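Chemist: Residues are numbered in my numbering as their position in the sequence shown, beginning at 1, plus a constant of 10. Below is one structure. I have some questions about it.
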Amino acid sequence: MNRFVLIVLLLSLFLASFQMVLPSSFAQTYVVSELWVNPMAVNDLAVSKDGSCIVAVNNTGIYYFTRNNPNPKWWYPTAEGENFLSVAVSANGNYVVAGNDTGYILYFNNAKNRVGEQASPTWTSEDLGSAVERKTLDISDNGEYVVVGGTGTAVYYFSECTTKTGTNQGYQYRIWLSDAVEVYAVDMSSDGKYIAAGGPDVDGGGFVMFRKDARTGSDDESPTWYVGDLDGEIVDVAVSDDGYAVVAVTSAVPMPKTLYYWADASSYADSPSATWTVKERFSSVDMSSDGDKVVAGVKIFLACLHFWSNARELTGTPEADWVRLEGLQVLDVAISDDGNLIVATTSEGGPTYKAYFFTSDGTLIKETVLDQYSPIISMSEDGGLVAVGGSELDSLYVYVVEPVPVGGEVVPTNISASLIHILTFILVVASLIGILTKKLVKI
Numbered sequence: 011m012n013r014f015v016l017i018v019l020l021l022s023l024f025l026a027s028f029q030m031v032l033p034s035s036f037a038q039t040y041v042v043s044e045l046w047v048n049p050m051a052v053n054d055l056a057v058s059k060d061g062s063c064i065v066a067v068n069n070t071g072i073y074y075f076t077r078n079n080p081n082p083k084w085w086y087p088t089a090e091g092e093n094f095l096s097v098a099v100s101a102n103g104n105y106v107v108a109g110n111d112t113g114y115i116l117y118f119n120n121a122k123n124r125v126g127e128q129a130s131p132t133w134t135s136e137d138l139g140s141a142v143e144r145k146t147l148d149i150s151d152n153g154e155y156v157v158v159g160g161t162g163t164a165v166y167y168f169s170e171c172t173t174k175t176g177t178n179q180g181y182q183y184r185i186w187l188s189d190a191v192e193v194y195a196v197d198m199s200s201d202g203k204y205i206a207a208g209g210p211d212v213d214g215g216g217f218v219m220f221r222k223d224a225r226t227g228s229d230d231e232s233p234t235w236y237v238g239d240l241d242g243e244i245v246d247v248a249v250s251d252d253g254y255a256v257v258a259v260t261s262a263v264p265m266p267k268t269l270y271y272w273a274d275a276s277s278y279a280d281s282p283s284a285t286w287t288v289k290e291r292f293s294s295v296d297m298s299s300d301g302d303k304v305v306a307g308v309k310i311f312l313a314c315l316h317f318w319s320n321a322r323e324l325t326g327t328p329e330a331d332w333v334r335l336e337g338l339q340v341l342d343v344a345i346s347d348d349g350n351l352i353v354a355t356t357s358e359g360g361p362t363y364k365a366y367f368f369t370s371d372g373t374l375i376k377e378t379v380l381d382q383y384s385p386i387i388s389m390s391e392d393g394g395l396v397a398v399g400g401s402e403l404d405s406l407y408v409y410v411v412e413p414v415p416v417g418g419e420v421v422p423t424n425i426s427a428s429l430i431h432i433l434t435f436i437l438v439v440a441s442l443i444g445i446l447t448k449k450l451v452k453i
């Protein structure tokens with residue numbers, strides 16, 4: 011009996027010792043590293059989907075950065091009395107479009123090969139009437155299509171953008187929104203086929219519009235559907251790449267405010283009701299490219315970050331999968347196309363500003379301090395390159411997010427620990443041999 015107990019104890023000791031060198035975890039984890047910082051102020055920024063470049067705009071010009079260099083590869087200075095407010099870049103970084111405060115967009119092709127100060131863009135639009143604000147400009151992955159809002163009560167659609175040249179270039183068509191006051195946000199699917207937009211309407215609330223088959227049209231067009239008199243001005247909107255989902259949030263004040271989600275959006279006409287809604291003071295929203303994961307930030311009062319999975323299947327007023335950053339003012343949110351990585355920036359008083367990186371299960375990867383108020387986030391398609399910025403100096407940060415091999419690191423890795431495990435194994439084997447030998451002798 012004593013020998014049996016001894017054997018069990020020795021085996022247990024050996025297995026416990028061996029377990030210490032097994033991988034610590036089999037869940038996917040990530041490491042976030044600051045790649046570089048530039049002391050410029052930023053009105054808007056865009057990261058290419060392939061992560062090859064970052065484009066930033068401010069009151070002095072347009073600045074094109076390659077991934078690993080904090081110094082711009084090329085730049086285009088503003089004209090007197092001009093400020094750049096918005097920017098978008100194609101998936102491969104070869105086409106850039108920027109909007110200014112005088113009502114024009116400026117388009118640059120061959121962006122990857124430009125170097126130094128640029129004398130002129132490839133083409134400029136006709137006068138669109140008013141400033142092209144941040145969140146009111148988007149470009150398709152291939153650079154062929156550009157959508158513009160923010161200049162009044164119309165959404166402008168430009169096509170054949172990669173072949174245009176010169177000044178005063180016209181749009182393919184515009185969508186008149188007679189019940190809108192202004193367009194605060196636009197989004198376009200990666201192929202340019204679907205458009206969503208939102209803003210305040212004439213009834214004192216908000217509106218969301220959607221257009222499918224966006225690549226066809228001429229002159230003045232109507233939206234596929236339009237929903238007005240929502241419970242606040244729409245301040246952010248997103249559309250899935252397949253046109254199935256549209257999500258939008260209303261302004262944070264006054265109450266009540268709502269997140270609206272329309273499933274099967276491309277099948278509707280007229281003024282459809284949202285598939286699901288959530289009452290909260292959201293000020294920013296984003297979703298995965300398939301529309302199945304949604305993240306939204308609350309900026310005031312009971313501030314926090316909310317996340318929903320399986321969004322395409324939800325109905326009614328669903329609870330979030332998780333809530334994080336309770337009590338912190340969430341300035342902006344972004345999610346990778348696959349929905350696996352989420353970034354949020356916050357204001358925490360003091361003043362203290364931070365960027366937070368999460369996985370889709372709510373696990374915090376990293377939090378990092380920012381020098382300035384930074385309400386602008388853009389990321390590559392896979393979330394591997396993230397840029398954060400704001401309108402104050404020293405606010406442009408670029409981060410790399412890299413996956414750690416599944417299983418994690420082997421612990422411990424030092425030689426002395428390994429020797430201990432080997433010696434333990436030898437002792438266990440020797441003890442077992444000794445015990446068995448004695449038993450055989452007695453027999």
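Here a beta-carbon is modelled for each residue, glycine too, at the ideal position from N, C-alpha and C. It should be emphasised that the depicted structure is a prediction, and the values quoted were computed from it without experimental measurement.
So if DSSP puts residue 187 in a beta bridge, which residue, or which two residues, is it bridged to?
Modeler: In DSSP, residue 187 forms no bridge with anything.
Chemist: In whole angstroms, give me the CA-to-CA distance for residue 81 and residue 116.
Modeler: C-alpha separation (whole angstroms): 22 Å.
Chemist: Report back the beta-carbon spacing between residue 298 and residue 345 to the nearest angstrom; my notes put them in contact at under 8 Å.
Modeler: Residue 298 to residue 345, Cβ: 6 Å. Contact.
Chemist: Is the CB-CB distance between residue 414 and residue 41 below 8 Å?
Modeler: Going by C-beta atoms, residue 414 is nearer than 8 Å to residue 41.
Chemist: Measuring CA to CA, which of 152, 172, 184 is closest to residue 165?
Modeler: Answer by Cα proximity: 184.
Chemist: With distances taken between CB atoms, is the gap from residue 148 to residue 101 smaller than 8 Å?
Modeler: Cβ distance not < 8 Å, so residue 148 and residue 101 don't count as in contact.
Chemist: I'd like the list of long-range same chain contacts for residue 16, defined as Cβ closer than 6 Å, with 5 residues on each side in sequence excluded.
Modeler: Unreliable positioning characterises residue 16 in this predicted model, as indicated by a pLDDT of 48, which lies under 50. A coordinate reading is not provided.
Chemist: Determine the direct distance from the alpha carbon of residue 103 to that of residue 465, and round the result to whole angstroms.
Modeler: Given that the chain is displayed from residue 11 to residue 453, the structure contains no residue 465 and the question cannot be resolved.
Chemist: Beta-carbon separation of residue 201 and residue 250 under 8 Å?
Modeler: Not closer than 8 Å, so no.
Chemist: Run the CB neighbour count on residue 175, radius 10 Å, all protein chains shown included, and call it buried at 16 or more, exposed below.
Modeler: Classification of residue 175: exposed, given that the 10 Å Cβ count is below 16.
Chemist: Using a Cβ-Cβ cutoff of less than 6 Å, which residues in the same chain neighbour residue 156 once the five nearest sequence positions on both sides are dropped?
Modeler: Cβ within range, chain order: 107, 149, 168, 171.
Chemist: Among 259, 84, 151, 234, which residue has its Cα nearest to the Cα of residue 279?
Modeler: Ranking the options by Cα distance to residue 279, first place goes to 234.
Chemist: Could you compute how far the alpha carbon of residue 323 sits from the alpha carbon of residue 348?
Modeler: Using only the alpha carbons, I get a separation of about 17 Å.
Chemist: Comparing C-alpha positions only, which one of 229, 151, 178 sits nearest to residue 135?
Modeler: That would be 178, whose Cα lies nearest to the Cα of residue 135.
Chemist: According to DSSP, simplified to helix, strand and coil, what is residue 291?
Modeler: Residue 291 falls in the coil class under three-state DSSP.
Chemist: Buried or exposed: which applies to residue 44, given that a residue is buried once 16 or more other Cβ atoms fall within 10 Å of its Cβ?
Modeler: By the neighbour-count rule (16 or more Cβ atoms within 10 Å), residue 44 is not buried but exposed.
Chemist: Are the beta-carbon atoms of residue 321 and residue 303 separated by less than 8 Å?
Modeler: Contact flag set, yes.
Chemist: With distances taken from CA atoms, which of 137, 295, 73 is nearest residue 208?
Modeler: Of 137, 295, 73, the residue nearest in Cα terms is 295.
Chemist: So is residue 206 buried or exposed if we call it buried at 16+ other beta carbons inside 10 Å?
Modeler: That one is buried.
Chemist: If you draw a straight line from the C-alpha of residue 105 to the C-alpha of residue 389, how long is it?
Modeler: Going from the Cα of residue 105 to the Cα of residue 389 covers about 17 Å.
Chemist: With a threshold of 16 other CB atoms inside 10 Å of the CB of residue 120, please say whether the residue is buried or exposed.
Modeler: By the neighbour-count rule (16 or more Cβ atoms within 10 Å), residue 120 is not buried but exposed.
Chemist: Using only the alpha-carbon positions, how far apart do residue 402 and residue 277 sit?
Modeler: Rounded to whole angstroms, residue 402 to residue 277 spans 43 Å at the Cα level.
Chemist: Please classify residue 21: does DSSP put it in a helix, a strand, or coil?
Modeler: Only weak support exists for where residue 21 lies, its pLDDT of 48 falling under 50; the value from the coordinates is given anyway. Reduced to three states, the DSSP call for residue 21 is helix.
Chemist: Among the residues of its own chain, which have a CB less than 8 Å from the CB of residue 193, if the five just before and after it don't count?
Modeler: 146, 159, 160, 161, 162, 163, 164, 165, 187, 207, 208, 209, listed in sequence order.
Chemist: With a threshold of 7 Å on Cβ separation, who are the neighbours of residue 430 within its own chain once the five nearest residues in sequence on each side are excluded?
Modeler: Here residue 430 scores only 43 on pLDDT, less than 50, and its place in the model should not be relied on; the value that follows carries that caveat. No residues qualify anywhere along the chain.
Chemist: Can residue 241 and residue 258 be called in contact, C-beta distance under 8 Å?
Modeler: No, these two residues do not count as a Cβ contact at 8 Å.
Chemist: Closest to residue 77 by CA distance: which of 396, 236, 216 is it?
Modeler: For the residues 396, 236, 216, the minimum Cα distance to residue 77 belongs to 396.
Chemist: Measuring only the C-alpha atoms, how far is residue 124 from residue 406?
Modeler: Those two C-alpha atoms are separated by around 22 Å.
Chemist: Relative to the C-alpha of residue 96, which residue among 53, 332, 73, 252 is closest?
Modeler: Measuring from the Cα of residue 96, the nearest candidate turns out to be 53.
Chemist: Skipping 5 residues on each side, what residues in its chain have a beta carbon closer than 8 Å to that of residue 372?
Modeler: For residue 372, where only same-chain residues beyond five positions count, the Cβ hits under 8 Å are 317, 331, 332, 334.
Chemist: Which residues mark the beginning and the end of the beta strand (DSSP E) in which residue 334 is found?
Modeler: It spans 332-334 - the beta strand (DSSP E) in which residue 334 sits, taken as one unbroken run.
Chemist: May I have the straight-line CA-CA distance separating residue 509 from residue 55, to the nearest angstrom?
Modeler: There is simply no residue 509 to check, as the chain begins at 11 and stops at 453 in what is shown.
Chemist: Is residue 99 near residue 58, with beta carbons less than 8 Å apart?
Modeler: Yes, the pair counts as a contact, with Cβ atoms nearer than the cut-off.
Chemist: On the DSSP bridge assignment, give the partners of residue 280 in chain order.
Modeler: Paired residues: 235.
Chemist: Let me know if residue 267 comes out buried or exposed under the rule of 16 or more other beta-carbons within 10 Å of its beta-carbon.
Modeler: Buried, because 16 or more other Cβ atoms sit within 10 Å of the Cβ of residue 267.
Chemist: What does a CB cutoff of less than 6 Å around residue 46 pick up in its chain, not counting 5 residues either side in sequence?
Modeler: So the list reads 80, 408, once near-sequence residues are dropped.
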